[in-house]
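Terminal number for the sequence shown in UniProt numbering: 630, no gaps in between.
For glycine and all other residues, C-beta sits at the position ideal for the given N, C-alpha and C.
What follows is a set of notes on a single structure, which appears directly below.
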Amino acid sequence: MTYADIYKRSLDDPEGFWMEQAEAIDWDRKPSKALFSDRAPLYEWFKDGLVNTCYNAVDRHVEAGNGDRVAIIYDSPVTHTKHEITYAELQTRVASLAGALRAKGIEAGDRVIIYMPMVPEALEAMLACARIGAIHSVVFGGFAANELAVRIDDATPKAIIAGSCGIEPGRVVHYKPLLDGAIELAKHKPDFCVIFQREQEVAKLIEGRDYDWHAFQYGVEPAECVPVSGDHPAYILYTSGTTGQPKGVIRATGGHLVALNWTMKNIYDVEPGDVFWAASDVGWVVGHSYICYAPLIHGNTTVVFEGKPVGTPDAGTFWRVISEHKVKSFFTAPTAFRAVKRVDPDGEFIKKYDLSCLKTVYLAGERADPDTIEWMQEHLQKPIIDHWWQTETGYTIAGNPMGIEPMRVKIGSPTVAMPGYDVQILDEGGHPVKAGELGAIAIKLPLPPGTLPNLWNAEERFIKSYLTHFPGYYETGDAGMIDEDGYLYVMARTDDVINVAGHRLSTGGMEEVLASHPDVAECAVIGVSDELKGQLPMGFLCLSNGVTRPHDEIVKEVVQKVRDQIGPVAAFKLACVVDRLPKTRSGKILRATMVSIADGKDFKMPATIDDPAILDEIKEAVAGLGYPQG
Numbered sequence: 001m002t003y004a005d006i007y008k009r010s011l012d013d014p015e016g017f018w019m020e021q022a023e024a025i026d027w028d029r030k031p032s033k034a035l036f037s038d039r040a041p042l043y044e045w046f047k048d049g050l051v052n053t054c055y056n057a058v059d060r061h062v063e064a065g066n067g068d069r070v071a072i073i074y075d076s077p078v079t080h081t082k083h084e085i086t087y088a089e090l091q092t093r094v095a096s097l098a099g100a101l102r103a104k105g106i107e108a109g110d111r112v113i114i115y116m117p118m119v120p121e122a123l124e125a126m127l128a129c130a131r132i133g134a135i136h137s138v139v140f141g142g143f144a145a146n147e148l149a150v151r152i153d154d155a156t157p158k159a160i161i162a163g164s165c166g167i168e169p170g171r172v173v174h175y176k177p178l179l180d181g182a183i184e185l186a187k188h189k190p191d192f193c194v195i196f197q198r199e200q201e202v203a204k205l206i207e208g209r210d211y212d213w214h215a216f217q218y219g220v221e222p223a224e225c226v227p228v229s230g231d232h233p234a235y236i237l238y239t240s241g242t243t244g245q246p247k248g249v250i251r252a253t254g255g256h257l258v259a260l261n262w263t264m265k266n267i268y269d270v271e272p273g274d275v276f277w278a279a280s281d282v283g284w285v286v287g288h289s290y291i292c293y294a295p296l297i298h299g300n301t302t303v304v305f306e307g308k309p310v311g312t313p314d315a316g317t318f319w320r321v322i323s324e325h326k327v328k329s330f331f332t333a334p335t336a337f338r339a340v341k342r343v344d345p346d347g348e349f350i351k352k353y354d355l356s357c358l359k360t361v362y363l364a365g366e367r368a369d370p371d372t373i374e375w376m377q378e379h380l381q382k383p384i385i386d387h388w389w390q391t392e393t394g395y396t397i398a399g400n401p402m403g404i405e406p407m408r409v410k411i412g413s414p415t416v417a418m419p420g421y422d423v424q425i426l427d428e429g430g431h432p433v434k435a436g437e438l439g440a441i442a443i444k445l446p447l448p449p450g451t452l453p454n455l456w457n458a459e460e461r462f463i464k465s466y467l468t469h470f471p472g473y474y475e476t477g478d479a480g481m482i483d484e485d486g487y488l489y490v491m492a493r494t495d496d497v498i499n500v501a502g503h504r505l506s507t508g509g510m511e512e513v514l515a516s517h518p519d520v521a522e523c524a525v526i527g528v529s530d531e532l533k534g535q536l537p538m539g540f541l542c543l544s545n546g547v548t549r550p551h552d553e554i555v556k557e558v559v560q561k562v563r564d565q566i567g568p569v570a571a572f573k574l575a576c577v578v579d580r581l582p583k584t585r586s587g588k589i590l591r592a593t594m595v596s597i598a599d600g601k602d603f604k605m606p607a608t609i610d611d612p613a614i615l616d617e618i619k620e621a622v623a624g625l626g627y628p629q630g
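Written out as structure tokens, the structure is:
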């Protein structure tokens with residue numbers, strides 16, 4: 001069947017389509033039907049089935065005779081460590097930790113917060129919770145104590161599983177003092193904590209509350225898998241909310257299993273046994289879906305990488321890992337490749353490694369600028385596939401179905417909507433716009449399985465945040481367009497569409513122009529307040545290594561480029577060169593914070609910021625452009 005046949009069927013007969021996909025999952029009790037719409041617009045999938053995520057991700061592969069297959073490859077250039085864990089070993093390790101948790105009173109429905117670095121034990125903790133029906137909430141390792149406390153109070157965990165530290169290039173991040181501080185700040189107190197001690201930092205344990213990871217499991221009866229209902233929350237993952245109070249996205253077990261398993265072959269084109277690598281972190285949704293769950297559910301080998309794209313030790317680390325571990329399908333964020341390109345603009349490191357194993361590279365997490373994609377195409381000579389999804393959806397909304405029918409790549413577009421997603425472009429009144437017109441990207445309800453059915457203990461907020469603005473639709477918060485061929489273009493967050501003297505313009509479109517300048521390695525465009533035109537675009541440029549030309553010359557050239565390619569209507573005149581851009585740890589540029597600085601507004605320090613010191617550099621650069629006004 002072609003992509004068009006499959007996509008049409010998923011919208012015309014979602015019941016039949018998703019029940020078929022559910023056949024690939026091992027159920028303790030098969031669901032009677034796929035979609036439950038009795039609480040619309042709160043839809044649920046496979047609600048009356050009974051199933052266990054850990055069984056599907058681990059035990060069934062061992063029982064099928066694949067216990068010797070490698071489940072996890074751990075590669076940590078920051079600690080000079082590498083090792084492999086087979087599915088049989090993973091089963092033993094996970095059953096042991098799950099048994100220890102059960103012996104301490106953790107039951108189905110209880111919450112467990114996981115605060116771990118990028119080590120295999122983080123995946124084992126997630127799977128151990130899933131094994132006994134506990135609901136895990138992974139919080140990015142090294143998150144500030146206050147932010148962790150907010151999540152402790154919202155999820156009310158019975159237990160916290162944490163690492164003693166994380167390793168960054170050149171420094172050790174002490175997790176335990178942050179954890180202790182968070183528990184002190186939180187109103188809710190966990191019953192106990194389990195600490196995975198790393199040799200780089202052995203943390204001090206608090207007697208009666210803290211247990212050493214290994215001692216905790218000693219002599220405990222391993223746990224069997226506990227079946228849960230299809231609508232049972234597998235996990236809570238907090239995403240930043242506009243109010244400063246994080247939103248707890250929940251993922252229902254049945255739909256999560258069915259959808260993720262389907263994506264591995266159909267989107268990422270891998271077979272069981274192939275090596276799949278998502279270079280992300282377990283603290284983010286990509287880490288949940290594509291480091292831990294999807295590869296293991298599908299019977300793949302997943303790579304757990306503790307390092308950076310550059311500096312651990314050099315800009316060739318991606319290519320070394322791919323070559324050494326025979327990675328077939330590789331997935332990371334565009335920002336990682338921009339970092340590599342900035343240090344190695346001629347792709348010299350790529351030439352040092354045999355990448356014949358690598359079939360496809362996937363990008364997601366932010367807009368993939370054409371310049372970066374073209375650089376990758378030129379130097380890698382592999383298909384570079386952009387795809388778009390969100391924490392809320394858990395997997396691809398729009399992508400290129402490489403395992404069904406590879407489609408023509410149009411640079412700047414993540415290609416087409418995936419089965420189950422009825423993606424439409426709406427105007428402010430909620431009416432569909434013509435092909436090629438910019439509008440709000442919305443998805444007609446119901447969303448497919450595996451997407452968020454609700455927020456943790458915040459149903460009203462869920463409805464208000466996502467389902468109210470366009471009744472009958474899920475509001476993505478992104479703006480874009482669909483062309484005559486049905487290709488989607490995600491141009492910006494809705495609040496990144498700026499209004500310059502009555503003209504609606506995409507900052508993303510301007511960023512594409514800036515990034516095409518040969519001296520520009522990375523850039524960001526924001527909309528700043530202007531007394532005359534309402535808003536004006538302001539550009540920030542990071543230059544490639546080795547560029548020695550005067551900055552004002554480069555600024556003049558990019559201003560002219562925007563004038564030539566977008567037009568005088570963009571009124572693009574404000575631009576400056578900076579050393580780096582403020583980003584989250586996952587590499588997303590903190591544009592909203594930059595806007596607040598430029599407009600002279602108060603802002604809350606983003607919890608996910610990688611390096612707060614960068615904001616002072618941005619303030620200085622903005623002041624040099626005469627902002628804030630007045």
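DSSP state of residue i mapped onto helix, strand, coil
| i | result |
| --- | --- |
| Glu-374 | helix |
| His-188 | coil |
| Ser-229 | strand |
| Phe-540 | strand |
| Ile-566 | coil |
| Ile-350 | helix |
| Ser-76 | strand |
| Glu-201 | strand |
| Lys-583 | strand |
| Ala-64 | helix |
| Asn-56 | helix |
| Gln-629 | coil |
| Glu-107 | coil |
| Trp-456 | coil |
| Ser-529 | strand |
| Phe-276 | strand |
| Met-418 | coil |
| Ser-96 | helix |
| Val-249 | strand |
| Val-51 | strand |
| Lys-588 | coil |
| Cys-165 | strand |
C-alpha gap between residue i and residue j, whole angstroms
| i | j | result |
| --- | --- | --- |
| Lys-82 | Gln-200 | 16 Å |
| Asp-344 | Tyr-290 | 27 Å |
| Gly-587 | Ala-98 | 33 Å |
| His-469 | Glu-63 | 48 Å |
| Asp-485 | Glu-15 | 27 Å |
| Arg-338 | Glu-437 | 29 Å |
| Ser-329 | Thr-302 | 10 Å |
| Pro-222 | Phe-318 | 37 Å |
| Asn-146 | Leu-178 | 9 Å |
Buried/exposed call for residue i, threshold 16 Cβ in 10 Å
| i | result |
| --- | --- |
| Asn-499 | exposed |
| Leu-257 | buried |
| His-232 | buried |
| Asp-616 | exposed |
| Ser-10 | buried |
| His-61 | buried |
| Leu-532 | exposed |
| Ser-506 | buried |
| His-136 | buried |
Minimum C-alpha distance to residue i - residue among the options
| i | options | result |
| --- | --- | --- |
| Gly-472 | Ile-482, Phe-196 and Tyr-43 | Tyr-43 |
| His-288 | Ile-236, Arg-60, Ser-465 and Val-321 | Ile-236 |
| Ala-435 | Glu-459, Pro-446, Ile-114 and Tyr-489 | Tyr-489 |
| Pro-117 | Ala-125, Met-605 and Arg-111 | Ala-125 |
| Trp-389 | Glu-107, Trp-213, Ala-417 and Phe-603 | Ala-417 |
| Ala-524 | Thr-335, Asn-146 and Asp-422 | Thr-335 |
| Asp-26 | Val-139, Trp-18, Ile-297 and Val-285 | Ile-297 |
| Gly-248 | Asn-454, Arg-29, Gly-399 and Lys-619 | Asn-454 |
Counting pairs of beta carbons, one from the region 146–156 and one from the region 182–196, are three or more of them closer than 8 Å?
With the cut-off at 8 Å, the region 146–156 and the region 182–196 touch.
Would you be able to state if there are at least three C-beta pairs under 8 Å between the region 428–444 and the region 408–416?
The region 408–416, when compared against the region 428–444, does not touch it at the 8 Å Cβ threshold.
Between the region 580–587 and the region 556–572, are three or more C-beta pairs nearer than 8 Å?
Contact between the region 580–587 and the region 556–572 is absent, because fewer than three Cβ pairs lie under 8 Å.
Is it true that the region 327–347 meets the region 294–310, where meeting means three or more beta-carbon pairs spaced less than 8 Å apart?
Taking 8 Å as the limit for Cβ pairs, the verdict is that the region 294–310 does touch the region 327–347.
The region 61–77 touching the region 187–198, judged by at least three CB pairs closer than 8 Å
Inter-segment contact for the region 61–77 and the region 187–198 is absent: fewer than three beta-carbon pairs are separated by less than 8 Å.
Contact between the region 438–458 and the region 473–480 (3+ Cβ pairs under 8 Å)
Output reads yes: the region 473–480 touches the region 438–458.
Please confirm if the region 549–557 is in contact with the region 347–359, defined as three or more CB-CB distances below 8 Å between the two stretches.
Cβ pair count under 8 Å is below three, so no.
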